[in-house]
Amino acid sequence: MTAHLASSSTGTPSTARDAVSLRQVFASLTAESCPLTYNFHMHTTHSDGQLHPEALAQQAIELSLKGFAITDHHQISGYRTAQRYMEAFQGCPDLPQLWTGTEITSRLLETEVHILGFAFDPNHAAIASYLQGSAPQGDRAQASRVVNAIQEAGGIAVLAHPARYRRSADELIPAAAMVGIDGVETFYAYNNPKPWMPSPKETARVTELQDEFGLLSSCGTDTHGMSLLQRL
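This is how it looks when you write it as structure tokens:
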């Protein structure tokens, strides 16, 4: 599969296909899916990560990932750089699918949370103001508005690491479902274990809530360091 970039301000067939294919992937994920098959939470030097986008993409290729997303905070310049890098490999068999991604600081139940956006049209007007490199302020930071912006741009909204906030996953996941979130980051390593693996206790509870509210599941290492196989 090849990486591609949507170019229309109103959404394109390729963007729609990206979202459909990613929903199918999210619906099929298990605790073993990350980090050697998929990885949907990674940062580059374009936000607070240590890997240059080209190096991240190269690692994804070397690991033979089926698909991944770069989720730099409030921007997609790292995604665009990685996408251009991967164009040189077009035609190669088993090239990973690269989806658009970002991580947006938001407010939910008066608590700061992070919402991941995936498979959106990066040129869509609805999400443009959230991709300017800084966290939204005021009403624009409300989770309902962030979720709506991602979805208007054709994307999928996911609550990142739901058991890592001041308020519990038991409080936040129902609230996120109420504002229309599509999924939760079900499989996440909260204590940075080596080798990486989803935290059993948190995964069990988040899975229960994800199932109760009919949400999709995502997974990711939340890489900020030099390896896609670890957070740090």
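If you're matching positions, the sequence shown starts at -3 in my numbering and goes up one per residue. No residue lacks a Cβ here, since even glycine has one placed at the ideal position from N, Cα and C.
Quick one: grab the DSSP three-state call for residue i.
| i | result |
| --- | --- |
| Phe64 | strand |
| Asp90 | coil |
| Asn148 | A small correction: the amino acid at residue 148 is Glu; Asn does not occupy that position in the sequence shown. Here Glu148 sits in helix by DSSP. |
| Arg162 | coil |
| Phe36 | coil |
| Val175 | coil |
| Ala156 | coil |
| Gln46 | coil |
Going along the chain, which residues of its own chain have a beta-carbon closer than 6 Å to the beta-carbon of residue i, five neighbours each way excluded?
| i | result |
| --- | --- |
| His234 | In the structure displayed, the chain extends from -3 to 228; residue 234 sits before or after that span and is not available. |
| Phe85 | Leu91 |
| Gln206 | Val180, Thr182 and Ser213 |
For residue i, report the span of its alpha helix (DSSP H) as first-last.
| i | result |
| --- | --- |
| Ser73 | Ser73 to Glu83 |
| Val202 | Pro196 to Glu208 |
| Ile111 | No alpha helix (DSSP H) contains Ile111, which is instead part of the beta strand (DSSP E) from Thr107 to Phe114. |
| Ala233 | The displayed coordinates of the chain run from -3 to 228. Any statement about residue 233 would go beyond what the structure contains. |
| Ala185 | Per DSSP, Ala185 belongs to no alpha helix (DSSP H) and is neither H nor E. |
Would you give the residue range spanned by the beta strand (DSSP E) that residue i belongs to?
| i | result |
| --- | --- |
| Glu28 | Premise fails: Glu28 is in no beta strand (DSSP E) and is neither H nor E. |
| Leu52 | Premise fails: Leu52 lies in the alpha helix (DSSP H), Pro49 to Glu58, not in any beta strand (DSSP E). |
| Gly97 | Gly97 to Leu104 |
Less than 8 Å between C-beta atoms, sequence neighbours within five positions excluded: which residues of the same chain meet that for residue i?
| i | result |
| --- | --- |
| Tyr186 | His157, Ala159, Arg160, Ser195 and Glu198 |
If we call anything under 8 Å between Cβ atoms a contact, is residue i one with residue j?
| i | j | result |
| --- | --- | --- |
| Tyr34 | Leu61 | yes |
query = Can at least three beta-carbon pairs, one atom from the stretch 208 to 220 and one from the stretch 153 to 170, be found at a separation below 8 Å?
reply = yes
Exercise. Counting pairs of beta carbons, one from the stretch 164 to 174 and one from the stretch 104 to 112, are three or more of them closer than 8 Å?
Worked result: yes
Worksheet item: Is there contact here, the stretch 69 to 78 with the stretch 44 to 58, by at least three beta-carbon pairs under 8 Å?
Response: yes
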